[in-house]
Amino acid sequence: MAKVTLAPRKGFLSENPSVLRFLGLLTVFTLIVTALSEGFGAGIVSTSFLKVLGMTLCLCLIAVAMDVVWGYCGILSLGHFAFFGLGGYGIGMWLMYARTEGIVRESLANAPIPATEGEVRDAIATQIFSVVGSTELPFIWGFAHSLTLQLLMIVLVPGLLALVFGWLAFRSRVTGVYLSILTQAMTLALSLYLFQNDTGLRGNNGLSGLQNIPGLLHLPQSTIALWFFWASALALGLGYLLFAWLVSGKFGSVVRAIRDNESRVRFLGYHVESYKLVVFTVTAIVSAIAGALYYPQAGIINPAEIAPITSIYLAVWVAIGGRGRLYGAVIGAATVSLLSSWFTGGGAPNIDLGFYEIVWTDWWLVLLGLGFVAVTLFFPKGIGGLFDYLVRKP
Amino acid sequence: MSALLEVSGVSVTFDGFRAINNLSISIGEPELRAVIGPNGAGKTTFMDIVTGKTKPDEGRVLWGETSMNLLGMSESAIARAGIGRKFQKPTVFEDQTVRENLAMALRNKRGPFDVLFYKPNRHARARIAELAEEIGLSDHLPRRAGDLSHGQKQWLEIGMLLAQDPRLLLVDEPAAGMTPAEREHTTELLTRAAQTRAVVVIEHDMEFIRRLNCKVTVLHEGSVLAEGSLDHVTQNQQVIDVYLGR
Chain X
1 MAKVTLAPRK GFLSENPSVL RFLGLLTVFT LIVTALSEGF GAGIVSTSFL KVLGMTLCLC
61 LIAVAMDVVW GYCGILSLGH FAFFGLGGYG IGMWLMYART EGIVRESLAN APIPATEGEV
121 RDAIATQIFS VVGSTELPFI WGFAHSLTLQ LLMIVLVPGL LALVFGWLAF RSRVTGVYLS
181 ILTQAMTLAL SLYLFQNDTG LRGNNGLSGL QNIPGLLHLP QSTIALWFFW ASALALGLGY
241 LLFAWLVSGK FGSVVRAIRD NESRVRFLGY HVESYKLVVF TVTAIVSAIA GALYYPQAGI
301 INPAEIAPIT SIYLAVWVAI GGRGRLYGAV IGAATVSLLS SWFTGGGAPN IDLGFYEIVW
361 TDWWLVLLGL GFVAVTLFFP KGIGGLFDYL VRKP
Chain D
1001 MSALLEVSGV SVTFDGFRAI NNLSISIGEP ELRAVIGPNG AGKTTFMDIV TGKTKPDEGR
1061 VLWGETSMNL LGMSESAIAR AGIGRKFQKP TVFEDQTVRE NLAMALRNKR GPFDVLFYKP
1121 NRHARARIAE LAEEIGLSDH LPRRAGDLSH GQKQWLEIGM LLAQDPRLLL VDEPAAGMTP
1181 AEREHTTELL TRAAQTRAVV VIEHDMEFIR RLNCKVTVLH EGSVLAEGSL DHVTQNQQVI
1241 DVYLGR
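See below:
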């Protein structure tokens, strides 16, 4: 008779110590930044840099989602920033509406005849949409007055888009590079659509002033920034936990098997398309949540944010960080996006060669491209792969 | 012995080439059946049609007591209905452990949410250990499947097939690349499996077929040339001409 190994049932975290380590590091990082922040502690970390850090955490979250969909499930989606952007637009609509409503009500408060609700709505619409030559509130703003409903939209709209798009694409067995092109087309189409003035989201002006939180206008930005930083850290922690749980165990096993040999998984009786759809939709929703936390920190969202190139950058971050390991995605997104803002934000000193001056704002992309090629050639497992090397050869 | 699988009048054409031509085969339960034939006779295409990988141009493929029509079903639904398949080239998930490979194949609910909340129980662990014993991989459960030898991969795939607990096993060249001792073990596994279920084996090796000691179907140019015991078909003049005589 076989020797039956009945291992004691362990908890999820004790079986996955790397998750616990990541959460510990994230907590320590959050506490240190908080202690150094302007709003709370020593003031070494400026409010604008605190916002950059908070936004970076959101980018790490979408990178983790991208790693699950690409690194684990093998779907090279080049459209996940569309969901990120939709999340941003979702929260932006409430932020703009509620803040404008406050301003309108204040200015109408001293009017001799109290304004009707219809007049208030008209005034809000004029305020928001005069920039695109309209005074009508588009029907998609129907829920914008309610934070609860709009938060629901942040989950539902990108979730439904992913569900319908994924269902159509996976059902037709579109895979590999064709699927990547299809996702690029999706994000391009959405971006071009939003660039139009009559789509109800202010065309290329986008939504702005998102850093002003209605009801909290009396608080300094240093405090608001800290709250968003905490929320971003919490979201990254919870998202990381969710995905780590998703890719562990039998579900993770099936998903990785789909990546490696999809038709073989079918012959085992698994409906591959449903699995892909679940992974695609869940990652899209998490991407949208990341976007909803990102844009109040960025202050503005416009259709350029979901241009196809942004989703390609996302794939580059994950590739540089190391596919198929969640912390790799975090490392890649954090490293590349922080370096990017350092180089393009004038942080890096330009190099004068005498006959030519290297201006980093122009040359950063070349550097990134070279970095990407170098990683692909010399470290196919990305920066995260170096950890394996260190662990195996101490 | 009633028919479990009923293939009748099936034809399929690839770019003008008739891979399967009015093919009719009936498999009972339990039964062990060997399918032989020269290269290009349509042996693998036959399996592709039964498992839903290839849709035929005409004909019927009926399954089970209720005569379910397999032609309208997806690969995964056919697999869930009880048809398991082993490929010519061993295809196991090389990046995962032997245990994970077996656990994935184990007969359980296959829906994404069932799998997401699945917890391996005592019964599942015992079944995996039992299967590993049967295919001689007990000591290799925590190993990466990619690190196994060729023969061990073949067995792992047979183990995965048994883990699915199918009513019909389609096995494509199970003995390819095996040592004589490994072949003997494989024969034993297949004959034992065939006591309770239907097993169809495609094989080139006549010695291996002889050891299976079962009914043989000879395919040629996409249809059945002869059927019966090995001695019966090897004496058939047509079979000698197209297959054995070469």
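These protein sequence lines are chains X and D, in that order. Heads up: the first sequence begins at 1 in the working numbering, then just goes up one per residue. Heads up: the second sequence begins at 1001 in the working numbering, then just goes up one per residue. Heads up, the beta-carbon is just placed ideally off N, CA and C, and yes, glycines get one too.
I need the DSSP call for residue i, collapsed to helix, strand or coil.
| i | result |
| --- | --- |
| ASN261(X) | coil |
| THR135(X) | coil |
| ARG1018(D) | strand |
| LYS250(X) | helix |
| THR1217(D) | strand |
| ARG1033(D) | strand |
| ALA2(X) | Confidence at ALA2(X) is low in this model, with a pLDDT of 42, below 50, so its placement is unreliable and the value that follows should be read with caution. Residue state, collapsed to three classes: coil. |
| SER1008(D) | strand |
| MET1178(D) | coil |
| TYR389(X) | helix |
| SER77(X) | coil |
| ASN1069(D) | strand |
| ALA185(X) | helix |
| THR335(X) | helix |
| GLU1058(D) | strand |
| ALA1105(D) | helix |
| VAL1224(D) | strand |
| ASN16(X) | coil |
| ARG1144(D) | strand |
| SER287(X) | helix |
| SER130(X) | helix |
| LEU1137(D) | coil |
| GLY1040(D) | coil |
| SER232(X) | helix |
Taking residue i as the reference, give the member of the options with the closest Cα.
| i | options | result |
| --- | --- | --- |
| LEU161(X) | ALA65(X), LEU86(X), LEU194(X) | LEU86(X) |
| LEU1071(D) | GLN1088(D), MET1047(D), PHE1093(D) | MET1047(D) |
| PRO296(X) | LEU31(X), LYS51(X), ARG21(X) | LYS51(X) |
| GLY385(X) | TRP363(X), LEU338(X), ARG323(X), ILE358(X) | ARG323(X) |
| LYS1086(D) | GLY1159(D), LEU1148(D), LEU1137(D) | GLY1159(D) |
| CYS58(X) | TRP360(X), GLY347(X), SER337(X), PHE378(X) | SER337(X) |
| GLY90(X) | GLN184(X), GLY54(X), GLY142(X) | GLY142(X) |
| ASN1021(D) | GLU1029(D), ASP1057(D), ALA1003(D) | ASP1057(D) |
| ALA1003(D) | VAL1012(D), PHE1017(D), PRO1030(D), ILE1049(D) | PRO1030(D) |
| SER77(X) | TYR178(X), THR126(X), GLY237(X) | TYR178(X) |
Buried or exposed for residue i, going by 16 or more other Cβ atoms inside 10 Å?
| i | result |
| --- | --- |
| GLY1146(D) | exposed |
| HIS80(X) | buried |
| TYR402(X) | Coverage of chain X is limited to positions 1 through 394, which leaves residue 402(X) absent and any answer about it impossible. |
| THR187(X) | buried |
| LEU1005(D) | buried |
| THR1217(D) | buried |
| ALA169(X) | buried |
| TYR270(X) | buried |
| SER180(X) | buried |
| ASN16(X) | buried |
| PRO1142(D) | exposed |
| ASP1172(D) | buried |
| ILE224(X) | buried |
| GLU117(X) | exposed |
| ASP67(X) | buried |
| HIS218(X) | exposed |
Tell me residue i's beta-bridge partners as DSSP assigns them.
| i | result |
| --- | --- |
| ASP352(X) | GLU357(X) |
| ASP1231(D) | Looking at the DSSP assignment, ASP1231(D) forms no beta bridge with any residue, so it has no partner. |
| GLY1084(D) | LEU1169(D) |
| LEU207(X) | ILE301(X) |
By the criterion of Cβ-Cβ separation under 7 Å, what are the contact partners of residue i in chain X?
| i | result |
| --- | --- |
| VAL1115(D) | LYS250, PHE251, VAL254 |
| THR1045(D) | The premise fails here: THR1045(D) is roughly 15 Å from chain X at the closest Cβ pair, so nothing lies under 7 Å. |
| VAL1100(D) | According to the sequence as given, residue 1100(D) is Glu; it is not Val. Per Cβ cutoff of 7 Å: SER253. |
Which residues in chain X sit within 8 Å of residue i, going by Cβ to Cβ distance?
| i | result |
| --- | --- |
| THR1051(D) | PHE267 |
| GLN1096(D) | SER253, ARG256, ALA257 |
| GLN1164(D) | LEU268, GLY269 |
| GLU1075(D) | SER263, ARG266, PHE267 |
| ARG1085(D) | PHE267 |
List, in chain order, every chain X residue whose beta-carbon is nearer than 9 Å to that of residue i.
| i | result |
| --- | --- |
| PHE1093(D) | SER253, ARG256, ALA257, ASP260, ASN261, ARG264, VAL265 |
| MET1104(D) | LYS250, SER253, VAL254, ALA257, VAL265, LEU268, TYR270 |
| ALA1079(D) | ARG266, PHE267, LEU268, GLY269, TYR270 |
What residues of chain D sit near residue i, judged by a beta carbon separation below 8 Å?
| i | result |
| --- | --- |
| SER274(X) | GLY1111, PRO1112 |
Mind listing the chain D neighbours of residue i? Cutoff is C-beta to C-beta under 9 Å, in chain order.
| i | result |
| --- | --- |
| TYR356(X) | In chain order: nothing, as chain D lies at least about 47 Å away. |
| VAL278(X) | PRO1112, PHE1113, LEU1116 |
I'd like to confirm something about residue i: is its beta-carbon nearer than 7 Å to some heavy atom of the ligand ATP, or not?
| i | result |
| --- | --- |
| ILE1020(D) | In the structure on display, the ligand ATP does not appear, and there are no ligands present to speak of. |
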